[in-house]
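Undergrad: Protein chains in written order, with the numbering used here: chain A, 1 to 202; chain B, 1001 to 1119.
C-beta atoms are modelled at their ideal positions from N, C-alpha and C, and glycine is treated no differently.
None of these values were measured; they are calculated from a predicted model.
Handing you a structure now.
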Amino acid sequence: MDTATQRKWDKAAANFDLMSSYGPEWRWRPAKLKIFSHMKPDAKILFMALGTGLDICCFPADRDITAIDISPKMIALAGKRIAAYQGSISAQVMDVHDLEFQPDTFDQVFTSCSFCSVPRPIEGLQALRRVLKPGGELHMFEHTGSRLFPFSIMMKLMTPLASRFGPELDRDTVANVKAAGFTVTAVNHIFIDIVKTIQAIK
Amino acid sequence: MEKRPYFVIGDLLANAFIATVSVALTAWLLGGAWGMVPGMLLGMIIALPLSLIPVAPFFGAMEILTPCMLSGMLGGMWGGMWPLAGVTIFYWGVGTGCAVIVVIYTLNAVMSSPQTIRD
Chain A
1 MDTATQRKWD KAAANFDLMS SYGPEWRWRP AKLKIFSHMK PDAKILFMAL
51 GTGLDICCFP ADRDITAIDI SPKMIALAGK RIAAYQGSIS AQVMDVHDLE
101 FQPDTFDQVF TSCSFCSVPR PIEGLQALRR VLKPGGELHM FEHTGSRLFP
151 FSIMMKLMTP LASRFGPELD RDTVANVKAA GFTVTAVNHI FIDIVKTIQA
201 IK
Chain B
1001 MEKRPYFVIG DLLANAFIAT VSVALTAWLL GGAWGMVPGM LLGMIIALPL
1051 SLIPVAPFFG AMEILTPCML SGMLGGMWGG MWPLAGVTIF YWGVGTGCAV
1101 IVVIYTLNAV MSSPQTIRD
């Protein structure tokens, strides 16, 4: 378990909803509803980085979801949202680098704004690939760095400060997904080339 | 492209506000004598906390931080290059903020399309 990362997100938990629950979630809701609509009724689903459960309201009902997060404080705050979900969510404290699931366990993996923060993203994605069944699907809603000037430079300049309290802003998550061995099938830009959905298969 | 009035108006107001503050502070601190690059850097430094604390919780994350940083950077550029004062600061700030939003929305309309593999 990466205790430094765990402490960072435990510390962020108290103010997480204050910063993220209203404007950002309302803004992202149409795109999140769309990506989570891919959750199949009969699939075994892993949701990575549950946080305080802000995404749960966008999940379709009656799904069997295993959710993980590195921060026990985040998961504790997600309790009410988990209880309100009309389906099954099993939340566990787990580091994506040290997944305790057997290989080929899940049909689908979903992530939401998490690979901006995972310390070793390629290793984390490789771990997700390991627990996916052959042909299993990876669906990601992520913000990444930009290839466009001047955003590319701005985000590189902001990253050292932003990463102290939260995410890195200049990650190339699409390249990381490919480097982890996935086959990328679709990348949809939600906001310029910064906020995007990524779909890939094992 | 974002069409909900709450966010469109919020984007315009936030960017006009941050660009105006950035022009005013850089003009006051640098007095138009320090030039473009220090003004741009100072503008970004001013824009970051302003876009994080009062703006982001209401209007979004990267969708508001990115244009606000650009507005701050451009506002800082004007303040760093020219000794602006009085109502001119307001005109340059509001004009910059609105121009940034027009550019961002146009760029977003061009870059967003359903089910496209870009890489």
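Taking 8 Å as the threshold (beta carbon to beta carbon), is residue 38 of chain A in contact with chain B?
TA: Counted from its first residue, the first sequence places residue 38 of chain A at position 38. So, not an interface residue.
Undergrad: By the DSSP assignment, the beta strand (DSSP E) with residue 112 of chain A in it spans what residues?
TA: Here the question's residue 112 of chain A lines up with position 112 in the first sequence. First-last of the beta strand (DSSP E) with residue 112 of chain A: 106-112.
Undergrad: Find the residues of chain B that neighbour residue 143 of chain A, judging by a C-beta separation of less than 9 Å, and give them in chain order.
TA: As a first step, residue 143 of chain A is located in the first sequence; it is residue number 143 there, counting from the start. Residues of chain B passing the Cβ test: 1061 and 1062.
Undergrad: Taking all protein chains shown into account, decide if residue 202 of chain A is buried (16 or more other Cβ within 10 angstroms of its Cβ) or exposed.
TA: Position 202 of the first sequence holds residue 202 of chain A. Buried, because 16 or more other Cβ atoms sit within 10 Å of the Cβ of residue 202 of chain A.
Undergrad: Assuming residue 1077 of chain B contacts residue 1044 of chain B (C-beta within less than 8 Å), just tell me the rounded distance between them.
TA: Locating residue 1077 of chain B in the second sequence gives position 77, where the first residue counts as 1. Locating residue 1044 of chain B in the second sequence gives position 44, where the first residue counts as 1. In fact, because the Cβ distance is near 10 Å, the residues do not count as touching under 8 Å.
Undergrad: For a test of the three-state rule: what should DSSP assign to residue 1022 of chain B, helix, strand or coil?
TA: One-based indexing of the second sequence puts residue 1022 of chain B at position 22. Here residue 1022 of chain B sits in helix by DSSP.
Undergrad: Kindly indicate which residue of B:1058, B:1028, B:1029 and B:1063 has the alpha-carbon position closest to the one of residue 1107 of chain B.
TA: As a first step, residue 1107 of chain B must be located in the second sequence, where it is residue number 107. Closest by alpha carbon: B:1063.
Undergrad: Below 7 Å between beta carbons is the criterion; list the residues of the stretch 24-53 of chain A that meet it against any residue of chain B, in chain order.
TA: Residues passing the 7 Å Cβ filter: 24 and 27.
Undergrad: Using 8 Å as the cut-off, can you tell me whether the stretch 188-199 of chain A makes contact with the stretch 121-139 of chain A, which would need three or more C-beta pairs spanning the two stretches below that distance?
TA: Because the criterion of three Cβ pairs below 8 Å is met, the stretch 188-199 of chain A and the stretch 121-139 of chain A touch.
Undergrad: Does chain A have any CB closer than 8 Å to the CB of residue 1058 of chain B?
TA: The residue labelled residue 1058 of chain B in the question sits at position 58 within the second sequence. Cβ-Cβ to chain A under 8 Å: yes for residue 1058 of chain B.
Undergrad: Assign residue 18 of chain A to one of two classes, buried (16 or more other C-beta atoms within 10 Å of its C-beta) or exposed (fewer than that).
TA: The sequence position of residue 18 of chain A within the first sequence is 18, counting from 1. Exposed, since its Cβ has fewer than 16 Cβ neighbours within 10 Å.
Undergrad: Would you mind reading off the limits of the beta strand (DSSP E) that contains residue 1063 of chain B?
TA: As a working note, residue 1063 of chain B is residue 63 in the second sequence. Careful: residue 1063 of chain B lies outside any beta strand (DSSP E), inside the alpha helix (DSSP H) at 1062-1081.
Undergrad: From the DSSP output, in three-state form, read off residue 90 of chain A for me.
TA: Stepping through the first sequence from its first residue, residue 90 of chain A is reached at position 90. The answer is strand: DSSP assigns residue 90 of chain A an E or B state.
Undergrad: Using 8 Å as the threshold, is the stretch 1020-1027 of chain B in touch with the stretch 1052-1059 of chain B, meaning 3 or more CB pairs across them?
TA: No: the two stretches stay apart, fewer than three of their Cβ pairs being nearer than 8 Å.
Undergrad: Report the option in A:45, A:55, A:1 and A:47 whose CA atom is closest to the CA atom of residue 20 of chain A.
TA: Translated into positions along the first sequence, residue 20 of chain A becomes position 20. Selected option, being the one with the closest Cα: A:55.
Undergrad: For the pair the stretch 106-114 of chain A and the stretch 33-47 of chain A, tell me if three or more CB-CB distances fall below 8 Å.
TA: Because the criterion of three Cβ pairs below 8 Å is met, the stretch 106-114 of chain A and the stretch 33-47 of chain A touch.
Undergrad: Sort B:1093, B:1102, B:1098 and B:1072 by Cα distance to residue 1042 of chain B and report the nearest one.
TA: Sequence index remark: in the second sequence, residue 1042 of chain B carries index 42 (1-based). The shortest C-alpha separation from residue 1042 of chain B is found at B:1072.
Undergrad: Just to confirm, is the Cβ distance from residue 4 of chain A to residue 71 of chain A under 8 Å?
TA: Mapped onto the first sequence, residue 4 of chain A falls at position 4. Mapped onto the first sequence, residue 71 of chain A falls at position 71. Not closer than 8 Å, so no.
Undergrad: What residues are listed by DSSP as bridge partners for residue 199 of chain A?
TA: Numbered from its first residue, the first sequence carries residue 199 of chain A at position 199. In DSSP, residue 199 of chain A forms a bridge with A:139 and A:186.
Undergrad: Compare the C-beta of residue 1108 of chain B against all C-beta atoms of chain A and say whether one is closer than 8 Å.
TA: Translated into the one-based positions of the second sequence, residue 1108 of chain B becomes position 108. Output row for residue 1108 of chain B: interface = yes.
Undergrad: Looking at C-alpha atoms only, which residue of A:36, A:41 and A:69 is the closest neighbour of residue 115 of chain A?
TA: By one-based count along the first sequence, residue 115 of chain A stands at place 115. Checked all of A:36, A:41 and A:69; the closest Cα to residue 115 of chain A is A:69.
Undergrad: Do residue 91 of chain A and residue 82 of chain A count as a contact pair if the criterion is CB distance below 8 Å?
TA: Counting from one through the first sequence, the residue named residue 82 of chain A turns up at place 82. Counting from one through the first sequence, the residue named residue 91 of chain A turns up at place 91. For residue 82 of chain A and residue 91 of chain A, yes; Cβs fall inside 8 Å.
Undergrad: Using DSSP bridges, identify the partner residues of residue 44 of chain A.
TA: The residue you call residue 44 of chain A lines up with position 44 of the first sequence. Answer by DSSP bridge pairing, in chain order: A:64.
Undergrad: For residue 53 of chain A, does the count of other Cβ atoms within 10 angstroms reach 16, so buried, or fall short, so exposed?
TA: Residue mapping note: residue 53 of chain A aligns to position 53 of the first sequence, counting from 1. Buried, because 16 or more other Cβ atoms sit within 10 Å of the Cβ of residue 53 of chain A.
Undergrad: Inspect the beta-carbon positions of residue 96 of chain A and residue 67 of chain A and report whether they are closer than 8 Å.
TA: By one-based count along the first sequence, residue 96 of chain A stands at place 96. By one-based count along the first sequence, residue 67 of chain A stands at place 67. No. Outside cutoff.
Undergrad: Looking at the secondary structure, which residues open and close the alpha helix (DSSP H) in which residue 177 of chain A lies?
TA: Reading the first sequence from its first residue, position 177 is the one you call residue 177 of chain A. Its alpha helix (DSSP H) spans residues 173-179.
Undergrad: Drop a sphere of 10 angstroms on the beta-carbon of residue 193 of chain A, count the other beta-carbons inside from all chains shown, and report buried for 16 or more, exposed for fewer.
TA: Here residue 193 of chain A refers to the residue found at position 193 of the first sequence. Residue 193 of chain A should be labelled buried.
Undergrad: Does DSSP classify residue 134 of chain A as helix, strand or coil?
TA: Here residue 134 of chain A refers to the residue found at position 134 of the first sequence. Looking at residue 134 of chain A - three-state DSSP - the assignment turns out to be strand.
Undergrad: Please state whether the Cβ-Cβ distance between residue 1084 of chain B and residue 1100 of chain B is less than 8 Å.
TA: For the purposes of this step, residue 1084 of chain B is taken as the residue at position 84 of the second sequence. For the purposes of this step, residue 1100 of chain B is taken as the residue at position 100 of the second sequence. Cβ distance not < 8 Å, so residue 1084 of chain B and residue 1100 of chain B don't count as in contact.
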